[in-house]
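A.B. asks: To convert, take the position in the sequence shown, counting from 1, and add 11; that gives the numbering used here.
Beta carbons are placed, not taken as given, at the ideal position from N, Cα and C, and that holds for glycine.
I'd like to ask some things about the structure below.
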Amino acid sequence: MKILTAVIFLWVSLVNAQTTSIKIQPIDLPNRPASLSHGISFSCTTDYDPSQCLTSVALLAKVLERYPTERLGQWTFVLAGSARWRQVVKELGGDPETPAFSELIARVTVLKDELFETADSRQAMLARRFGLPPGSILDYAVTHEMGHAICGERQESLADKYGLNLRRGIAPMCNLSKAVNTP
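Printed below as a string of structure tokens:
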């Protein structure tokens, strides 16, 4: 398989034209879940441990298949290594302590490698930080970011609400005038 390297440009906002780039490698997932929307693509940053990349993407796909990914339309999930995480998130004006973020204009969600770590201490630390039970941080991060993406929502509290609805099996009721995609 030929390895391709792409560059994703992420925009902070329409008003503030700052950009940053992340070098990524697209990932073809063997045994892709049939229920996963064909509009969903996966990549890993070039600093992500290559031996872990495919394993982590497969885990992410298992989480995503429980949710209405067709509502995302064309969307890319990028798994990012820790090496440049703080720098990239700071450049984008975000909280460098967050393990995930979405850029609605670029139609990208970026997830930090620590969300996929098997070390219980890392998972427990993240779960405690967000007030979650152990082992639930990846599901929480994915549904929270889907709340941003599905509803075109920038407010963290509303993305939390939409994410909670997704975890409960309830389709988020978005403010349709702001929605990125409508059903």
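Please classify residue 49 as buried or exposed, where buried requires at least 16 other C-beta atoms within 10 Å of its C-beta.
C.D. replies: Indexing the sequence shown from 1 puts residue 49 at position 38. Classification for residue 49: exposed.
A.B. asks: Three or more C-beta pairs closer than 8 Å, one from the stretch 89–108 and one from the stretch 153–169: is that the case here?
C.D. replies: Because the criterion of three Cβ pairs below 8 Å is not met, the stretch 89–108 and the stretch 153–169 do not touch.
A.B. asks: Between 82, 44, 56 and 42, which lies nearest to residue 35 when the distance is taken from Cα to Cα?
C.D. replies: Position 24 of the sequence shown holds residue 35. When only C-alpha atoms are compared, the closest one is 56.
A.B. asks: Under 8 Å Cβ to Cβ from residue 112, same chain only, skipping five residues before and after it: list those, please.
C.D. replies: Position 101 of the sequence shown, counted from the first residue, corresponds to residue 112. Around residue 112: 100, 103, 105, 120, 121 and 156.
A.B. asks: Using CA coordinates, which residue listed in 182, 158, 179 and 180 is at the minimum distance from residue 171?
C.D. replies: The residue given as residue 171 occupies position 160 in the sequence shown. Answer by Cα proximity: 158.
A.B. asks: So which of 169, 145, 146 and 125 has the shortest CA-CA distance to residue 60?
C.D. replies: Taking the sequence shown and counting its residues from 1, the one referred to as residue 60 is at position 49. The candidate whose alpha carbon is nearest that of residue 60 is 125.
A.B. asks: Using DSSP bridges, identify the partner residues of residue 112.
C.D. replies: Translated into the one-based positions of the sequence shown, residue 112 becomes position 101. Its beta-bridge partners are 121.
A.B. asks: Measuring CB to CB, does residue 115 end up less than 9 Å from residue 88?
C.D. replies: Numbered from its first residue, the sequence shown carries residue 115 at position 104. Numbered from its first residue, the sequence shown carries residue 88 at position 77. Against a cut-off of 9 Å, the Cβ pair of residue 88 and residue 115 comes out as no contact.
A.B. asks: Please say whether residue 74 and residue 40 have beta carbons closer to each other than 9 Å?
C.D. replies: Here residue 40 refers to the residue found at position 29 of the sequence shown. Here residue 74 refers to the residue found at position 63 of the sequence shown. Not closer than 9 Å, so no.
A.B. asks: Let me know the secondary structure DSSP gives residue 181 once reduced to three states.
C.D. replies: Taking the sequence shown and counting its residues from 1, the one referred to as residue 181 is at position 170. Coil.
A.B. asks: Is it buried or exposed, residue 174, if we count other Cβ atoms within 10 angstroms and call 16 or more buried?
C.D. replies: Start at 1 with the first residue of the sequence shown, and residue 174 comes out as number 163. That one is buried.
A.B. asks: Do you know how far the Cα of residue 82 is from the Cα of residue 168?
C.D. replies: As a working mapping, residue 168 is identified with position 157 in the sequence shown. As a working mapping, residue 82 is identified with position 71 in the sequence shown. When rounded, the distance between both Cα atoms is 20 Å.
A.B. asks: Can you look up residue 57 in the DSSP assignment and give me helix, strand or coil?
C.D. replies: Taking the first residue of the sequence shown as position 1, residue 57 is located at position 46. If DSSP states are grouped into helix, strand and coil, residue 57 belongs with coil.
A.B. asks: Please state the DSSP three-state secondary structure of residue 32.
C.D. replies: Walking along the sequence shown from the start, residue 32 turns up at place 21. If DSSP states are grouped into helix, strand and coil, residue 32 belongs with the strands.
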